[in-house]
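Numbering (this note's numbering), first residue to last: 1 to 131.
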């Protein structure tokens, strides 16, 4: 595989991931979440969606999208190492926002999106992955 093919695959995967994040944000809004920020970055690490639920809980949400099952279920890609990065970025976000950490309940979630056929998806929302 030459360099141009690698770049094309990388940009295609990014476009697919962006589409998944859009689907996830629309889903969250439909169930009453208010999107505060998307693609919040600290260095190379990112939180896909930061949203407040109807009951005032602040949610840091990772979105995983898969178009092929050979790599496993999307949510299986969120391991302890990835969760640690999400927590690190969420702490950075909280330190640099005017949100009172003492008064805010915080949640970490995953939206798993799996394309089943050309136009069908399976979306699973894990609301609280860290106890």
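Ideal placement from N, C-alpha and C gives every residue a C-beta, glycine not left out.
Query	Result
Buried or exposed by the 16-neighbour rule on C-beta atoms within 10 Å, applied to residue 112	buried
Meets three-Cβ-pair contact criterion under 8 Å: the region 68-76 and the region 37-57	no
Candidates 60, 115, 97 and 117: closest to residue 28 by CA position	60
Proximity of residue 36 and residue 50 at Cβ, strictly below 8 Å	yes
CB-CB length for residue 126 against residue 110, believed under 8 Å	4 Å
Residue 120 burial status per 10 Å Cβ neighbour count (16 or more: buried)	exposed
Beta bridge counterpart(s) of residue 58 as assigned by DSSP	52 and 106
Distance between residue 81 and residue 42 (C-alpha atoms, nearest Å)	16 Å
Unbroken alpha helix (DSSP H) run spanning residue 80, endpoints	80-95
Same chain, Cβ closer than 8 Å to residue 17, neighbours up to 5 away in sequence not counted	63 and 65
Straight-line Cα distance separating residue 114 from residue 74	7 Å
Cα-Cα separation, residue 47 to residue 88	10 Å
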